[in-house]
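Participant: Take a look at the following structure, please.
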Amino acid sequence: MNMPIFIVAGLLVHCVFLISIFDIYFTSPLVHGMTPHQTTLPPPARRLVLFVADGLRADSLYELDNNGTSMAPYLRNVITSKGSWGVSHTRVPTESRPGHVALIAGFYEDVSAVARGWKENPVEFDSLFNESKYTWSWGSPDILPMFAKGASGDHVYTHCYKAGSEDFGAEDATVLDTWVFDHVKDFFSSARNNETLFSKLHEQKIVFFLHLLGIDTNGHAHRPHSSEYKGNIRKVDEGVKEIVSLVEDFYGNDGDTVFVLTSDHGMTDWGSHGAGHPSETLTPLVAWGAGIQSPQQVSSQQFEDSFLKEWKLETWKRQDVNQ
Ligand SMILES: [Zn+2]
26 MNMPIFIVAG LLVHCVFLIS IFDIYFTSPL VHGMTPHQTT LPPPARRLVL
76 FVADGLRADS LYELDNNGTS MAPYLRNVIT SKGSWGVSHT RVPTESRPGH
126 VALIAGFYED VSAVARGWKE NPVEFDSLFN ESKYTWSWGS PDILPMFAKG
176 ASGDHVYTHC YKAGSEDFGA EDATVLDTWV FDHVKDFFSS ARNNETLFSK
226 LHEQKIVFFL HLLGIDTNGH AHRPHSSEYK GNIRKVDEGV KEIVSLVEDF
276 YGNDGDTVFV LTSDHGMTDW GSHGAGHPSE TLTPLVAWGA GIQSPQQVSS
326 QQFEDSFLKE WKLETWKRQD VNQ
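Residue numbers for the sequence shown follow this note's numbering, so the first one is 26 and each next one is one higher.
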């Protein structure tokens, strides 16, 4: 066979294979143009407070230290006294953006987003925030805008710190989380003197989203077994406790608020994420408040892993979900 023709044919075959990969795998799971439907059932809660502790591993939150004390005593108490808990299994790539899209928009994102660094929307998608009456969100400028950008109308409000403050080598990244907690506190105290905001806050279908990047940042800089990472978990636990009591107080303990704490992805022992190791894919899920079942004591439960014993939570019903 003629050599140049052979080379050209070989190249062509490779090109066809390469293009077919994109054609077969890089397709969006989303279907557009459907009619929205609403349920006629009354909602179990009027409002949701969603805490996402970026980069928080399930075991880091649930395990006890050598003295048998928890890094997160408040959330531990929630698990055993008023809420439900489990492990939220994330999917590869274990990155912030696909994790948040799964949590807030409810689908595993288009893999072609990887070609855009997981920053831009390859396709427009609907989200919980867009379907809410109002959403207020606080946190990183890398995460919040993507849900505000696609939202129809002006009802998804974002409060971000400046991109420059996300110094991944920073001594103490817990400031990213205290920033969020402080701004939420200011927001609720200002709402008491602002009639428009006050009435908006008393609508149905309200979401508050607190994106807490400190744990992820401390995990990259100091690794998950460091005192910085663990200290940050303690800070988040305290912050969650304060925000819960503040929100309950603001709404006069009406029992219409649901609280959810989870994480977008975990982190390996050496401070990375993105792949499919259990340290990256297993994230915590704790939910309590309106519409959430109170803790159920059980004598046995079936899980293939040995975590229940390690975490000393074997008597509290664990309910896993796919993120
Ligand atoms: Zn990270």
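Every residue, glycine too, gets a C-beta built ideally from N, C-alpha and C.
(1) Indicate the three-state DSSP secondary structure (helix, strand or coil) for S325 in the structure shown.
(2) Counting C-beta neighbours from all protein chains within 10 Å, is the total for C40 16 or more, i.e. buried, or is it exposed?
(3) Excluding five sequence neighbours on each side, which residues of the same chain lie with their C-beta closer than 8 Å to the C-beta of T132?
(4) Need the endpoints of the beta strand (DSSP E) that Y355 sits in, please.
(5) If we cut at 8 Å on Cβ distances, does S324 have a partner in chain D?
(6) I'd like the span of the beta strand (DSSP E) that includes W163, first residue to last.
(7) How would you call M171, buried or exposed, if buried means at least 16 neighbouring beta carbons within 10 angstroms?
(8) State the CB to CB distance for the pair E305 and G291, rounded to an integer number of angstroms; the pair is presumed to be in contact (CB under 8 Å).
(9) Quick one: what's got a C-beta closer than 6 Å to G239's C-beta in the same chain, skipping five residues either side?
(10) Could you tell me which of V117, A97, L75 sits nearest to W161, measuring between CA atoms?
(11) Taking the beta carbon of E220 as the centre, do at least 16 other beta carbons fall within 10 Å, making it buried, or is it exposed?
(12) Distance check for H208 and A300, CA to CA, integer angstroms please.
(13) Excluding the five sequence neighbours on either side, which residues of its own chain have a C-beta within less than 8 Å of the C-beta of Q326, listed in chain order?
(14) Do you know how far the Cα of S319 is from the Cα of L66?
(15) At 3 residues or longer, and completely inside the region 41–107: list those beta strand (DSSP E) runs for me, N to C.
(16) Verify whether the separation of the beta carbon atoms of G124 and Q348 is less than 8 Å.
(17) If we count the other Cβ atoms within 10 Å of its Cβ and call it buried at 16 or more, is E5 buried or exposed?
(18) L271 and V112: beta carbons closer than 8 Å?
(19) Residue ranges of each alpha helix (DSSP H) run of no fewer than 4 residues wholly in the region 240–301, ordered along the chain?
(20) Quick one: what's got a C-beta closer than 8 Å to E156's C-beta in the same chain, skipping five residues either side?
(21) Measuring alpha carbon to alpha carbon, tell me which residue in K337, H302, E335, I317 is nearest T115.
(22) Is DSSP giving T308 helix, strand or coil here?
(23) Quick check: does the Cβ of G58 come within less than 7 Å of any heavy atom belonging to ligand 1?
(24) Just reading off the alpha helix (DSSP H) that L201 is part of, what are its end residues?
(25) I believe S109 touches A312 by the beta-carbon criterion, under 8 Å. Please report the beta-carbon distance rounded to the nearest angstrom.
(26) Using a Cβ-Cβ cut-off of 6 Å (strictly less than) and excluding sequence neighbours within five positions of Y186, which residues of its own chain qualify?
(27) Measure the CB-CB distance between G164 and L73 and report whether it falls below 8 Å.
(28) May I have the straight-line CA-CA distance separating V323 from L43, to the nearest angstrom?
(29) Rounded to the nearest angstrom, what separates H247 and L128 at their Cα positions?
(30) On the criterion of 16 or more Cβ atoms from any shown chain inside 10 Å, does I168 qualify as buried, or is it exposed?
(31) With DSSP collapsed to three states, give me the class of I231.
(32) With DSSP collapsed to three states, give me the class of S121.
(33) Helix, strand or coil for S224, going by three-state DSSP, please let me know.
(34) If you draw a straight line from the C-alpha of H57 to the C-alpha of D330, how long is it?
Facilitator: Straight from the coordinates:
(1) The residue labelled residue 325 in the question sits at position 300 within the sequence shown. Correct three-state label for S325: coil.
(2) Here residue 40 refers to the residue found at position 15 when the sequence shown is read from its first residue. So C40 ends up on the exposed side.
(3) Locating residue 132 in the sequence shown gives position 107, counting from the first residue. According to the sequence as given, residue 132 is Phe; it is not Thr. Contacts found: P54, L55, V126, F150.
(4) As displayed, the chain neither begins before 26 nor continues past 348, which places residue 355 out of reach and without an answer.
(5) This model lacks chain D altogether, as it is built from one protein chain only.
(6) Walking along the sequence shown from the start, residue 163 turns up at place 138. From DSSP, the beta strand (DSSP E) with W163 extends over 159–164.
(7) Here residue 171 corresponds to residue number 146 of the sequence shown, with the count starting at 1. It counts as buried.
(8) The residue labelled residue 305 in the question sits at position 280 within the sequence shown. The residue labelled residue 291 in the question sits at position 266 within the sequence shown. Sure, about 5 Å apart at Cβ, within 8 Å.
(9) The residue labelled residue 239 in the question sits at position 214 within the sequence shown. The residues are A198, T199, L201, D202, N257.
(10) Translated into positions along the sequence shown, residue 161 becomes position 136. Out of V117, A97, L75, L75 has the C-alpha closest to the C-alpha of W161.
(11) Counting from 1 along the sequence shown, the entry for residue 220 is found at position 195. So E220 ends up on the exposed side.
(12) Within the sequence shown, the letter at position 275 stands for residue 300. Within the sequence shown, the letter at position 183 stands for residue 208. Approximately 33 Å, taken between the alpha carbons.
(13) Taking the first residue of the sequence shown as 1, we reach residue 326 at position 301. Counting only Cβ-Cβ distances below 8 Å, and skipping sequence neighbours, we find L333, E339, K342, R343.
(14) By 1-based counting over the sequence shown, the position of residue 66 is 41. By 1-based counting over the sequence shown, the position of residue 319 is 294. Approximately 21 Å, taken between the alpha carbons.
(15) 72–78
(16) The residue you call residue 124 lines up with position 99 of the sequence shown. The residue you call residue 348 lines up with position 323 of the sequence shown. Their beta carbons are under 8 Å apart, which means G124 touches Q348 by this criterion.
(17) With the chain represented from 26 up to 348, any question about residue 5 goes unanswered, as that position is not in the structure.
(18) As a first step, residue 271 is located in the sequence shown; it is residue number 246 there, counting from the start. As a first step, residue 112 is located in the sequence shown; it is residue number 87 there, counting from the start. No. Outside cutoff.
(19) 252–275
(20) Counting from 1 along the sequence shown, the entry for residue 156 is found at position 131. Excluding residues within five positions, the ones whose Cβ falls inside 8 Å are K230.
(21) As a first step, residue 115 must be located in the sequence shown, where it is residue number 90. Per the Cα distances, H302.
(22) On the sequence shown, position 283 is the one that residue 308 refers to. If DSSP states are grouped into helix, strand and coil, T308 belongs with the strands.
(23) As a working note, residue 58 is residue 33 in the sequence shown. For ligand 1, not one heavy atom lies less than 7 Å from the Cβ of G58.
(24) As a working mapping, residue 201 is identified with position 176 in the sequence shown. Run containing L201: 199–216, per the alpha helix (DSSP H) assignment.
(25) In the sequence shown, the residue the question calls residue 109 occupies position 84. In the sequence shown, the residue the question calls residue 312 occupies position 287. Right, the Cβ-Cβ distance comes to about 5 Å (below 8 Å), so this counts as a contact.
(26) Locating residue 186 in the sequence shown gives position 161, where the first residue counts as 1. Closer than 6 Å at the Cβ level, and outside the excluded window around Y186, lie W204.
(27) Stepping through the sequence shown from its first residue, residue 164 is reached at position 139. Stepping through the sequence shown from its first residue, residue 73 is reached at position 48. Not a contact, by the Cβ cut-off of 8 Å.
(28) One-based indexing of the sequence shown puts residue 323 at position 298. One-based indexing of the sequence shown puts residue 43 at position 18. In a straight line, the C-alpha of V323 is about 52 Å away from that of L43.
(29) As a working note, residue 247 is residue 222 in the sequence shown. As a working note, residue 128 is residue 103 in the sequence shown. Whole-angstrom Cα-Cα distance: 27 Å.
(30) Taking the sequence shown and counting its residues from 1, the one referred to as residue 168 is at position 143. It is buried - the Cβ of I168 has at least 16 other Cβ atoms within 10 Å.
(31) What you label residue 231 is simply residue 206 of the sequence shown in a count that begins at 1. Note: I231 maps to strand in three-state DSSP.
(32) Taking the first residue of the sequence shown as 1, we reach residue 121 at position 96. S121 falls in the helix class under three-state DSSP.
(33) Counting from one through the sequence shown, the residue named residue 224 turns up at place 199. Note: S224 maps to helix in three-state DSSP.
(34) Walking along the sequence shown from the start, residue 57 turns up at place 32. Walking along the sequence shown from the start, residue 330 turns up at place 305. Near 39 Å, if we compare the C-alpha coordinates of D330 and H57.
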